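Beneath this line is the structure, given in structure tokens, with notes to follow.
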Amino acid sequence: HHQQQTLGRFFSSL
Amino acid sequence: MLEGKFEESSLMKKVVDAIKDSVKLCNFNCTEHGVTVQAVDDSRVLLISLLIGEASFEEYRCDRNITLGIDLESFNKIIKNGNSSDFLTLIAEDSPDNVLIIFEDKKKDRVSEYSLKLMDLDSDFLQIDDMEFDATITMPSSEFAKITRDLKTLSESLQIIVTKENVKFSSDGDFGTGNVVLKGFVDMDKPDESIKIDMARPINLTFGAKYIADIVKGTSLSESVTIKLADKSPALFEYKLPSGFLRFYLAPKFDE
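In the order they appear, the protein sequences are chains A and R.
Its first residue numbered 165, the first sequence is counted upward by one per residue in the numbering used here.
Its first residue numbered 1456, the second sequence is counted upward by one per residue in the numbering used here.
This is the structure in structure tokens:
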């Protein structure tokens, strides 16, 4: 099943 | 002091409409170059980056950087009171507690003045490095909005698959499946109707349909939307303004 990622995973400052 | 006058209040109305369902509170950062907003939704999945360039204003003056902490729900209540064709002027002091919002009818001598209380909001401005994307799609914004609305009725996820020939939007739900396939084409008479697909690498990404449904609230801002995609990375959805842009960065879904 697909899990929703958050932006913090990609943008370290979030 | 900030003094920014729009030829028409419609631009600000559309901007507020486009972002108010994604974020409730945000700082409007005013500099000599224009107004920027950067905000993340509560679930930290969707980031909004707005630039209303100085040239979007009929008259613009901002001597010192001014931050307006705005509750968008309240702002929307006021901004809706102006007619779309009214002049709209925003005025704020250097360290403001409130912002003045003035509508002027162009034909009658009617001037409506509102004051909105400002809030002290945390501002952690995020530096987004230039991202590298594997595929870029430019298409009519209304068509993207319709596809999103249609496929969202089937599933809470929306898949975007880009190959060399086409882009496929697809949803797979409990009661059925659906997909819409678009090929690139050029409309010489109406360039905004064209569909442009640039692909360096094939893409297969899945997004939360509800976030894309929020993104397409920007549709009225621009005839076309540009979607930039990279494998396992946030996608960028951009609506161009006459001077500036409204960008949405959306984190994808994927299997852990």
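All C-beta atoms, glycine included, are put in the ideal place defined by N, C-alpha and C.
A quick note: this is a predicted structure, and the numbers were derived from the prediction, not measured.
- With respect to chain A, the C-beta atom of residue 1478(R) has no partner C-beta closer than 8 Å.
- For residue 1681(R), the beta-bridge partners assigned by DSSP are 1593(R), 1693(R).
- Runs of the beta strand (DSSP E) lying entirely within the segment 1622-1688 of chain R, each at least 3 residues long, are 1632-1638, 1651-1654, 1658-1663, 1679-1684 in chain order.
- Straight through space, the alpha carbons of residue 1563(R) and residue 1682(R) are spaced by roughly 42 Å.
- Within the same chain, 1572, 1573 come within 8 Å of residue 1552(R) by CB-CB distance, once the 5 residues on both sides are set aside.
- When C-alpha distances from residue 1662(R) are compared across 1677(R), 1653(R), 1606(R), the shortest belongs to 1606(R).
- Ranked by how close their Cα comes to the Cα of residue 1632(R), the residues 1584(R), 1623(R), 1639(R), 1638(R) have 1623(R) in first place.
- At a cut-off of 8 Å between beta carbons, residue 1495(R) contacts chain A.
- Check the Cα spacing between residue 1525(R) and each of 1556(R), 1461(R), 1543(R): the tightest is with 1556(R).
- Sequence-distant partners of residue 1519(R) (beyond 5 residues in either direction) whose C-beta falls short of 6 Å from its own C-beta, in its chain, are 1549.
- In this structure, residue 1704(R) lies away from residue 1673(R), with their beta-carbon atoms at least 8 Å apart.
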